[in-house]
Amino acid sequence: MLLAILISLTGALGSTASGEGEPRATTRCKEAERHALLEIKENLHGRDVGFLSSWGIGDERRECCEWIGIRCDNKSGHVIRLDLSPSTHDGRGFYDLEGNLSSSLVDLHYLQYLDLSYIDFSGNSFPSFIGGLNKLRYLNLSYTYLSGKVPPQLGNLSSLQFLDLSETYLKIKDMEWASHLSSLQLLDLSSTNMSFAHDWVHVVNNLPHLKILKLRESYLPVTVPLSRSFVNSSKVLAIIDLFSNHDLSSSIFQWLFNYSHSLVHLDLTSCSLNGSIPEAFDNMAALEYLDLSWNELEGSIPQSFGNMTTLEFLDLSWNELEGSIP
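Under mature numbering (1 follows the signal peptide of the UniProt record, and there is no 0), residues -17 to -1, 1 to 309 are what the sequence shown spells out, in order.
Now the structure itself:
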């Protein structure tokens, strides 16, 4: 079930943006967009980055819709997909590309899919002009060494469905920008610094289409009070991964039980959980994966676990629990 959710989400976004399965247009690429792409290339460099050699100015390379990493709309010829991630292209190693992101990116007005993961931006600030790509549905900036704050302009991307900012040096002091991403289905802020983002629970609760939430090792702050009555809570949130957030506590359970009917995968490994395990887990009708290991939980293992017929994986190790799984 977990794999199916991931495949259906990323697959749908990828096929929609790329136009795969349809014949290529005979329309030549737009000159302004070709120029913008060459400006982007000019600001990047790396070791033997062969896939960018298809980008050129000679007559045989003028068709930017044929360049590696580029997809154009089959009817209009506009660039709708830009994938420069070294991890995507055969033979490319991580961080083979480095440099700066050109502001010419905003000239790709019809861009829906942008993957810049594993490009070394050397601690540069988050490029706020990305917020001008208002048709963007997929944005992956993971492992890019971006630093500083997430600019409020990112909240302009109201069509965004997939956002991955994991493994960066970003400091997220609040989540107000994310509250405007009403179409968001996947949010990954793992290994960022969210220690001051006290509004994260409130914002997540108001993302009605969110299916996947990954905040691993994000220094999440203790957020109280937590309520079980959120009118706008997503009805489809299936995956929550809060692995290794040491400032959380068992009060997080109150919030998690909002998603009893949709949650399939829950990872709370090493989250400073204490006290007993709530019997309310009995109400999690769809849960397949539950990891509560490396916490400070104590007392008896709840009898309710014996009623969780959908559960396929359960890890309670490295706690102070007594008894056996019913």
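Every residue gets a Cβ at the ideal spot worked out from N, C-alpha and C, and that includes glycine.
Just so it is clear, the structure is predicted and the values come from calculations on it, not from any experiment.
Check: Counting only runs of 4+ residues fully inside the segment 227 to 291, write out the alpha helix (DSSP H) ranges in chain order.; Outcome: 235 to 239
Check: On the three-pair Cβ rule with 8 Å, is the segment 41 to 52 touching the segment 89 to 97?; Outcome: no
Check: What number of angstroms, rounded off, separates the C-alpha of Leu27 from the C-alpha of Asp230?; Outcome: 39 Å
Check: Output needed for Glu305: all residues of its chain with C-beta closer than 6 Å, excluding positions within five of it in sequence on either side, in chain order.; Outcome: Ser283
Check: Give the list of continuous alpha helix (DSSP H) stretches no shorter than 4 residues that lie fully inside the segment 151 to 209.; Outcome: 183 to 188
Check: Less than 8 Å between the CB atoms is what I'm expecting for Asp79 and Gly29, so what's the real figure, rounded?; Outcome: 4 Å
Check: Using a 10 Å radius around the Cβ and a threshold of 16 neighbouring Cβ atoms, would you call Lys218 buried or exposed?; Outcome: exposed
Check: Leaving out five residues on either side along the sequence, give the residues of the same chain with a beta carbon under 7 Å from the beta carbon of Ser87.; Outcome: Ala19, Glu22 and Ile23
Check: Just verifying my parser: in three-state terms, what is the DSSP assignment at Arg120?; Outcome: coil
Check: Work out the CA separation of Glu271 and Ala180 for me, nearest whole Å.; Outcome: 29 Å
Check: At the level of alpha carbons, what is the spacing between Gln286 and Pro261?; Outcome: 10 Å
Check: So the candidates are Val187, Leu256 and Ser166; which of them puts its Cα closest to the Cα of Phe236?; Outcome: Leu256
Check: With DSSP run on the structure shown, which of helix, strand or coil describes Gly306?; Outcome: coil
Check: Is Asn241 buried or exposed, if buried means 16 or more other CB atoms sit within 10 Å of its CB?; Outcome: buried
Check: Between Leu84 and Thr252, what straight-line distance do the alpha-carbon atoms span, to the nearest angstrom?; Outcome: 36 Å
Check: Grab me the residues of Val205's own chain with a C-beta within less than 8 Å of its C-beta, minus the 5 sequence neighbours each way, in chain order.; Outcome: Asp230, Leu231, Ser232 and Ser234
Check: Please work out which residues of its chain come closer than 6 Å, Cβ to Cβ, to Gly114, disregarding the five sequence neighbours upstream and downstream, and give them in chain order.; Outcome: Gln136, Leu137 and Asn139
Check: Return the CA-CA distance between Ala15 and Ser162, expressed in angstroms with no decimal places.; Outcome: 33 Å
Check: Whole-angstrom Cβ separation of Tyr152 and Leu129, contact assumed at under 8 Å?; Outcome: 6 Å
Check: Helix, strand or coil for Val133 per DSSP?; Outcome: coil
Check: Going by C-alpha to C-alpha distance, which of Met177, Leu172 and Leu220 sits closest to Pro191?; Outcome: Leu220
Check: From which residue to which residue does the alpha helix (DSSP H) around His18 run?; Outcome: Glu14 to Glu25
Check: Based on the DSSP secondary-structure assignment, which residues constitute the bridge partners of His28?; Outcome: Glu81
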